[in-house]
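Here is the structure we will look at, set down as structure tokens.
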Amino acid sequence: MREFGWQQLSVITQDESLFTRVTDDLENNIFKTKGWILDRYDVPTGQDPLHYFDRNEAQTFKIIHINAYPNIAYTVLCEAYYRGMVAPTFLWILPLWYSADWWRSNSTYSSNNVSCTNQVMMQVLVGSIGIVPDGYLTLENESVVTFSGLTPRMYLDNYTDLILNDPLYENLMLLSLSGVAFDGVWAIAVGLDLASQRLSSGNVSGCEDVPGNLVPLEQFDYTNMKLGCIIRQSFSEVNFLGLTGQISFNEKGSRNDSVVLFQQYRAANGTIIRASVGTVTVLLNKAYFTFQNGESNTTLWN
Numbered sequence: 059m060r061e062f063g064w065q066q067l068s069v070i071t072q073d074e075s076l077f078t079r080v081t082d083d084l085e086n087n088i089f090k091t092k093g094w095i096l097d098r099y100d101v102p103t104g105q106d107p108l109h110y111f112d113r114n115e116a117q118t119f120k121i122i123h124i125n126a127y128p129n130i131a132y133t134v135l136c137e138a139y140y141r142g143m144v145a146p147t148f149l150w151i152l153p154l155w156y157s158a159d160w161w162r163s164n165s166t167y168s169s170n171n172v173s174c175t176n177q178v179m180m181q182v183l184v185g186s187i188g189i190v191p192d193g194y195l196t197l198e199n200e201s202v203v204t205f206s207g208l209t210p211r212m213y214l215d216n217y218t219d220l221i222l223n224d225p226l227y228e229n230l231m232l233l234s235l236s237g238v239a240f241d242g243v244w245a246i247a248v249g250l251d252l253a254s255q256r257l258s259s260g261n262v263s264g265c266e267d268v269p270g271n272l273v274p275l276e277q278f279d280y281t282n283m284k285l286g287c288i289i290r291q292s293f294s295e296v297n298f299l300g301l302t303g304q305i306s307f308n309e310k311g312s313r314n315d316s317v318v319l320f321q322q323y324r325a326a327n328g329t330i331i332r333a334s335v336g337t338v339t340v341l342l343n344k345a346y347f348t349f350q351n352g353e354s355n356t357t358l359w360n
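Numbering-wise (the working numbering), the sequence shown opens with residue 59 and increments by one.
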């Protein structure tokens with residue numbers, strides 16, 4: 059926002075904790091602090107998001123962030139096209155963890171509205187931007203073998219086949235951030251294995267003065283502070299190459315991700331591509347934006 063001089067934003071938020079927590083943080087920790095203006099519109103899951111357009115604010119705010127699953131984004135953007143709410147007058151901001159072809163009329167997210175053709179969706183998408191933490195996406199090198207023994211390509215092929223063809227998962231959406239969950243399961247397994255090894259060897263390094271007893275993990279108790287300390291120390295030692303990059307954790311127990319990717323939807327050879335335009339590096343008390351790949355304000359907005 060600061061980099062481009064923006065001070066007003068409209069956010070369409072799906073009424074689920076995955077999305078409301080992000081908008082709550084924007085509203086309470088950024089916009090109120092900066093004195094910026096935030097127009098918030100929450101959409102209950104399963105209800106029509108198009109009521110957003112019935113409000114005066116829909117035309118007042120020119121920068122609109124869709125903080126929702128792709129089926130809502132598809133419906134909203136199709137309607138936006140027919141209302142003339144497209145670039146360069148309007149800017150749409152989307153999550154980047156949507157699957158590559160989520161905007162196509164034959165995708166699982168389409169509204170089955172015959173007026174929402176691929177051409178329509180391309181025209182409304184061109185110029186919009188997407189944001190996602192760097193560690194949410196699978197590695198660009200799809201042939202590298204990760205700690206699990208799988209390459210990103212192998213994982214994505216297996217995951218896609220399960221979601222699209224296995225009846226057990228017919229109601230689930232195909233999401234490009236699934237690798238985060240896969241890596242998370244491996245991180246838990248590795249961390250607990252390290253803790254088990256420490257317990258077996260009696261290694262209490264870093265937890266000597268913490269009260270509690272050394273017992274097997276199967277006897278975990280929240281009141282046993284020593285066991286909790288050993289588990290925490292063990293997870294701080296987790297370090298492996300996952301599908302989404304290097305997996306390790308900082309002193310607060312969060313993954314060591316400090317970069318947010320910015321990409322822009324652009325037309326190329328009759329389809330849509332996502333071009334990397336910059337990154338935001340998040341430090342303890344500040345964040346700064348950097349253009350990359352020769353991009354600039356001129357290439358981004360023209």
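Using N, Cα and C, we set each Cβ at its ideal position, and we do this for glycine too.
Given the structure is predicted, the values throughout are model-derived calculations rather than measurements.
Can you pull the DSSP bridge partners for residue i?
{"i": "Ile330", "result": "Ala325"}
{"i": "Asp100", "result": "Thr71"}
{"i": "Asn125", "result": "Thr71"}
{"i": "Val317", "result": "Thr339"}
{"i": "Val202", "result": "DSSP lists no partner for Val202."}
{"i": "Val190", "result": "Leu319"}
{"i": "Leu149", "result": "Ile121"}
{"i": "Tyr139", "result": "Note: Tyr139 sits in no beta bridge, so no partner."}
{"i": "Ile95", "result": "Gln66"}
{"i": "Tyr156", "result": "Leu233"}
Classify residue i as helix, strand or coil using the three-state DSSP reduction.
{"i": "Val273", "result": "coil"}
{"i": "Arg162", "result": "coil"}
{"i": "Ala345", "result": "strand"}
{"i": "Tyr110", "result": "helix"}
{"i": "Asn297", "result": "coil"}
{"i": "Val172", "result": "coil"}
{"i": "Phe240", "result": "helix"}
{"i": "Tyr167", "result": "coil"}
{"i": "Leu220", "result": "helix"}
{"i": "Trp359", "result": "helix"}
{"i": "Phe77", "result": "helix"}
{"i": "Phe307", "result": "strand"}
{"i": "Pro225", "result": "helix"}
{"i": "Gln66", "result": "strand"}
{"i": "Tyr213", "result": "helix"}
{"i": "Leu183", "result": "helix"}
{"i": "Leu257", "result": "helix"}
{"i": "Leu233", "result": "strand"}
{"i": "Glu266", "result": "coil"}
{"i": "Leu197", "result": "coil"}
{"i": "Tyr280", "result": "coil"}
{"i": "Gln350", "result": "coil"}
{"i": "Val134", "result": "helix"}
{"i": "Gly207", "result": "coil"}
{"i": "Gln177", "result": "helix"}
{"i": "Glu61", "result": "coil"}
{"i": "Val144", "result": "coil"}
{"i": "Ser292", "result": "helix"}
Let me confirm a value: residue i is counted as buried when at least 16 other C-beta atoms fall within 10 Å, else exposed. Which label applies?
{"i": "Glu137", "result": "buried"}
{"i": "Thr356", "result": "exposed"}
{"i": "Gln105", "result": "exposed"}
{"i": "Gly63", "result": "exposed"}
{"i": "Phe119", "result": "buried"}
{"i": "Gln322", "result": "buried"}
{"i": "Leu319", "result": "buried"}
{"i": "Asp241", "result": "buried"}
{"i": "Tyr213", "result": "buried"}
{"i": "Ser259", "result": "exposed"}
{"i": "Leu341", "result": "exposed"}
{"i": "Thr39", "result": "For residue 39 there is no data in the structure shown, the boundaries of the chain being 59 and 360."}
{"i": "Thr103", "result": "exposed"}
{"i": "Phe278", "result": "exposed"}
{"i": "Val361", "result": "Not covered by the structure: residue 361. The range shown for the chain is 59 to 360."}
Give me the Cβ distance between residue i and residue j, rounded to the nearest whole Å; I'm assuming they're in contact under 8 Å.
{"i": "Leu183", "j": "Ile305", "result": "Contact flag wrong, Cβ pair sits at about 32 Å."}
{"i": "Ser316", "j": "Thr339", "result": "6 Å"}
{"i": "Ser190", "j": "Trp155", "result": "One detail in the question is off: residue 190 reads as Val in this sequence, not Ser. Confirmed, Cβ separation roughly 5 Å."}
{"i": "Leu195", "j": "Ser234", "result": "6 Å"}
{"i": "Val248", "j": "Val203", "result": "Wrong, their Cβ atoms sit about 16 Å apart, outside the cutoff."}
{"i": "Ser254", "j": "Leu275", "result": "6 Å"}
{"i": "Asp97", "j": "Thr71", "result": "The Cβ separation is near 11 Å, so there is no contact."}
{"i": "His123", "j": "Ile151", "result": "4 Å"}
Any 3 or more C-beta pairs closer than 8 Å across the region 93-112 and the region 130-150 | Touching, yes.
Indicate whether the contact test is met: 3 or more Cβ pairs, each with one atom in the region 171-187 and one in the region 214-229, closer than 8 Å.
-> no
Hey, is the region 124-131 in contact with the region 89-100, meaning 3+ C-beta pairs nearer than 8 Å?
-> no
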